[in-house]
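So the structure is just underneath, and the comments pick up after that.
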Amino acid sequence: MNHTNTIISSIPVSLPGHFLPQANWADCYEIVAKEKNLKSPAAVAKMFSSQPPWWIKALNGVRNKIVGLIGIKSGEISVDQQQAGAFPIVSQSEQTTVMGFDDWHLNFRVVVETMEKASGTRVRLSTFVQRRNWFGYLYIFLITPFHKLIVRRLLKNLS
Numbered sequence: 001m002n003h004t005n006t007i008i009s010s011i012p013v014s015l016p017g018h019f020l021p022q023a024n025w026a027d028c029y030e031i032v033a034k035e036k037n038l039k040s041p042a043a044v045a046k047m048f049s050s051q052p053p054w055w056i057k058a059l060n061g062v063r064n065k066i067v068g069l070i071g072i073k074s075g076e077i078s079v080d081q082q083q084a085g086a087f088p089i090v091s092q093s094e095q096t097t098v099m100g101f102d103d104w105h106l107n108f109r110v111v112v113e114t115m116e117k118a119s120g121t122r123v124r125l126s127t128f129v130q131r132r133n134w135f136g137y138l139y140i141f142l143i144t145p146f147h148k149l150i151v152r153r154l155l156k157n158l159s
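Mapping of the sequence shown onto the UniProt record's numbering: position 41 corresponds to residue 41, and the numbering continues sequentially without gaps.
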């Protein structure tokens with residue numbers, strides 16, 4: 001897959017968000033995929049079904065080992081009708097897929113929305129987080145740089 005000319009835009013997010021009204025942290029990125037009439041379930045499958053790069057697998061492995069020691073839910077990477085990546089699918093329609101779960105330190109939702117454009121399909125990936133305590137704040141602070149890299153890589157899978 002050639003990702004050299006991929007344009008991924010950061011989109012401002014207003015809180016509270018519809019998908020997680022208690023969210024106190026959010027980000028959003030979008031890409032225009034060349035494929036026309038791309039529906040959200042197909043976009044999610046394309047983003048998560050390609051083999052993740054070694055560095056994403058390594059980060060996920062390290063994360064799962066560390067968080068398992070302190071009681072945070074770990075996530076194995078797979079794709080099926082109930083899960084995308086390491087995230088359970090909460091709801092899904094042609095235009096919107098909502099993934100995520102609630103944990104003791106934070107609740108989160110990852111939302112993939114699609115919209116037809118003349119040049120292809122706009123795919124927007126938003127993350128909404130409710131940091132529930134000091135550890136949730138620390139976790140988001142530490143994970144955000146990696147989160148941004150992974151989100152951009154997922155969106156590049158659509159180019």
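No residue lacks a Cβ here, since even glycine has one placed at the ideal position from N, Cα and C.
Please read these numbers as outputs of a predicted model, since none were measured by experiment.
His-105 burial status per 10 Å Cβ neighbour count (16 or more: buried): buried
Please report how far the alpha carbon of Val-123 lies from the alpha carbon of Ser-40, in whole angstroms. 8 Å
Report yes or no: do the region 132–140 and the region 26–39 share at least 3 C-beta pairs separated by less than 8 Å? no
Cβ pair Ala-118, Met-99 closer than 8 Å: no
Which class does Asp-80 belong to by DSSP, given the choice of helix, strand or coil? Interpretation of Asp-80 is limited by its pLDDT of 49, a score under 50 that renders its predicted location unreliable; the figure taken from the coordinates is listed afterwards. Asp-80 falls in the coil class under three-state DSSP.
Would you check if the distance between the CB atom of Leu-158 and the CB atom of Ala-33 is smaller than 8 Å? yes
Thr-114 - partner residues in DSSP beta bridges: Bridge partners of Thr-114: Val-123.
For His-18, does the count of other Cβ atoms within 10 angstroms reach 16, so buried, or fall short, so exposed? exposed
Distance, Cα to Cα, Ser-126 vs Tyr-139? Cα atoms of Ser-126 and Tyr-139: separation of roughly 18 Å, rounded to the nearest angstrom.
Leaving out five residues on either side along the sequence, give the residues of the same chain with a beta carbon under 6 Å from the beta carbon of Leu-38. Thr-114 and Thr-121
Can you name, in chain order, every residue of its own chain whose Cβ lies under 6 Å from the Cβ of Thr-96, other than the five neighbours on each side? Around Thr-96: Ser-40 and Glu-113.
Roughly how many angstroms separate the alpha carbons of Ala-45 and Val-111, rounded to a whole number? In this structure, the straight-line span from the alpha carbon of Ala-45 to that of Val-111 is close to 13 Å.
Contact set for Ser-91: own chain, Cβ-Cβ below 6 Å, skip 5 residues either direction: Val-98
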